[in-house]
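Structure first, commentary second.
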């Protein structure tokens, strides 16, 4: 049997568009002689719909669109994910379901059993866990059907039941040989996750001596970035067919040999994965929000340079405008580097000096500030003037403003609320500073797009004379390690200090993280690439005083 494995980039709630994609790919699969096509989890709705699931109109609209879709898939057997309403009065109102469609009817269904309720996942809020899964026969094949988390029991370690083990044991008891496991998924990208997936899938396949078909969602959805990379793993744990990463795709498999097309022959280099994820996330967020162009401030620094390069890759140079907003503290080198970057990238470049505006603000405030020394207040005036000007350009020209701060700065509050934090998307807010440098070198791997001096100069906000980031912060190579232990590892003061870091440095970093929660709560949405980003996967009180 020929089987099509498809990964989709849906838009949450755009049921007609999502169903149209399903029809298009199903037609392509049929034309290539496939009898079965496998789509991702919640392919009809898009994932994750969050509290839209609490609106009866959302559920009804999905059911109507799905009903129209059924009759148009009749030549094929189709496996896909959708939500289903429950008729029982007790428990949650919905199931997260895998549906098998044949000749215009749902002939089999499996409900997701393990409902993730950690980090960015909140499925217990909406769904009732399903009963133990069943196997299903398509032609001469007996398939064991699972939904996303149901195969992650071993890796996550939070669940008492193991749906795959239960399914395989029941098949053995009934004298049924399962030919292949199928897992439909919406599994977001993060650093190192691809390695974990490979090891997990290989372990399952070798343990049960059975192939696995894995169909994963692709595309950016708010802060979540789905990498796709759907695949077939053979019974020896080797990848036997694979879709490409970070793009819609389809591969055709042969069940006789359990081999198929290899659109991604080898795992990508992790740095390139992060770059692709950020490009895809920027493109999808901007376009799915109804914008076609972006504007951003170009300071001559590495953060804004990387953000501009990602934006040009995502949207095209004609849809990106970079703006330099020099003050009296901006160096000639910074302006020259910003101009050269825009020239290299081919994007529009404008210069709006802010010296007169800063003078006007200071004149207005002078009577109230009389006798007081200048401090961070005057520095923040410059950042907020820049933010206002960039937002004006965004409003006037209908371009989304991209903010350019990195994760290290966001973590310790080295950013200005309503200033450089202004924007509709914080592209690199989950990218630590040292990773920013790595990505900048990656951008320049085939030529100098980001000026060499931008990468090699000591980082500075240029808000006061001779300012340097490291005057106020630990060296970024130290800061990033402490933040990784604290934010992603969940370690406290004593545990981090035990790794060899100076106690006073750790205490200051953790204090900054704690007191700047209010800033991050007001920051634009960022794209998630680490295991713990600032966003709805991080739920800390804004007001708290736990200092360990």
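Residue numbers (this note's numbering): 1494 to 2041.
Glycine included, each C-beta is placed from N, C-alpha and C at the ideal position.
Inclusion of residue 2020 and residue 1710 in the CB contact set at 8 Å is not warranted, their separation being larger than that value. Boundaries of the beta strand (DSSP E) harbouring residue 1628: 1628-1631, taken from the DSSP string. Per DSSP, the continuous alpha helix (DSSP H) segment holding residue 1665 begins and ends at 1656-1666. Around the Cβ of residue 1992, a 10 Å sphere holds fewer than 16 other Cβ atoms; the residue is exposed. In the DSSP assignment, residue 1742 falls within the unbroken beta strand (DSSP E) covering 1742-1747. Between the alpha carbons of residue 1839 and residue 1811 lies a gap of roughly 8 Å. Scanning 1932, 1751, 1877 and 1923 for the CA closest to the CA of residue 1914 turns up 1877. Taking C-beta atoms as the reference points, residue 1635 and residue 1672 count as a pair closer than 8 Å. Where residue 1873 is concerned, the enclosing alpha helix (DSSP H) starts and stops at 1869-1890. Checking the DSSP bridge columns, you'll see residue 1719 partnered with 1681 and 1712. Three or more Cβ pairs closer than 8 Å define a contact, and the segment 1688-1695 falls short of that threshold against the segment 1658-1665. With respect to residue 2022, residue 1683 sits close: the two C-beta atoms are nearer than 8 Å.
Between residue 1736 and residue 1764, the C-beta spacing is not below 8 Å.
Judged by DSSP in its simplified three-state form, residue 1611 adopts coil rather than helix or strand. Here the alpha carbon of residue 1787 sits roughly 12 Å from the alpha carbon of residue 1889.
In the three-state DSSP reduction, residue 1921 falls in the coil class, being neither helix nor strand. Residue state for residue 1950 is assigned as coil, using DSSP reduced to three classes.
Counting the other CB atoms within 10 Å of its CB gives residue 1938 a total below 16, which places it among the exposed residues. Nearest neighbour of residue 1670 by Cα position, chosen from 1701, 1933 and 2029, turns out to be 1701. No Cβ-Cβ contact shorter than 8 Å links residue 1588 with residue 1598. The beta carbons of residue 1791 and residue 1804 sit no closer together than 8 Å. Straight through space, the alpha carbons of residue 1985 and residue 2012 are spaced by roughly 21 Å. According to the DSSP secondary-structure assignment, residue 1676 is paired through a beta bridge with 1639 and 1707.
Residue 1903 is a Cβ neighbour of residue 2027, given a cutoff of 8 Å. Counting only the Cα atoms, residue 1741 lies some 48 Å from residue 1848. According to the DSSP assignment, residue 1790 belongs to the beta strand (DSSP E) that extends over 1787-1790. Here DSSP, grouped into helix, strand and coil, assigns residue 1729 to coil.
Using a Cβ-Cβ distance cut-off of 8 Å, the segment 1863-1871 and the segment 1965-1981 are not in contact, since fewer than three pairs of beta carbons, one from each stretch, lie closer than that value.
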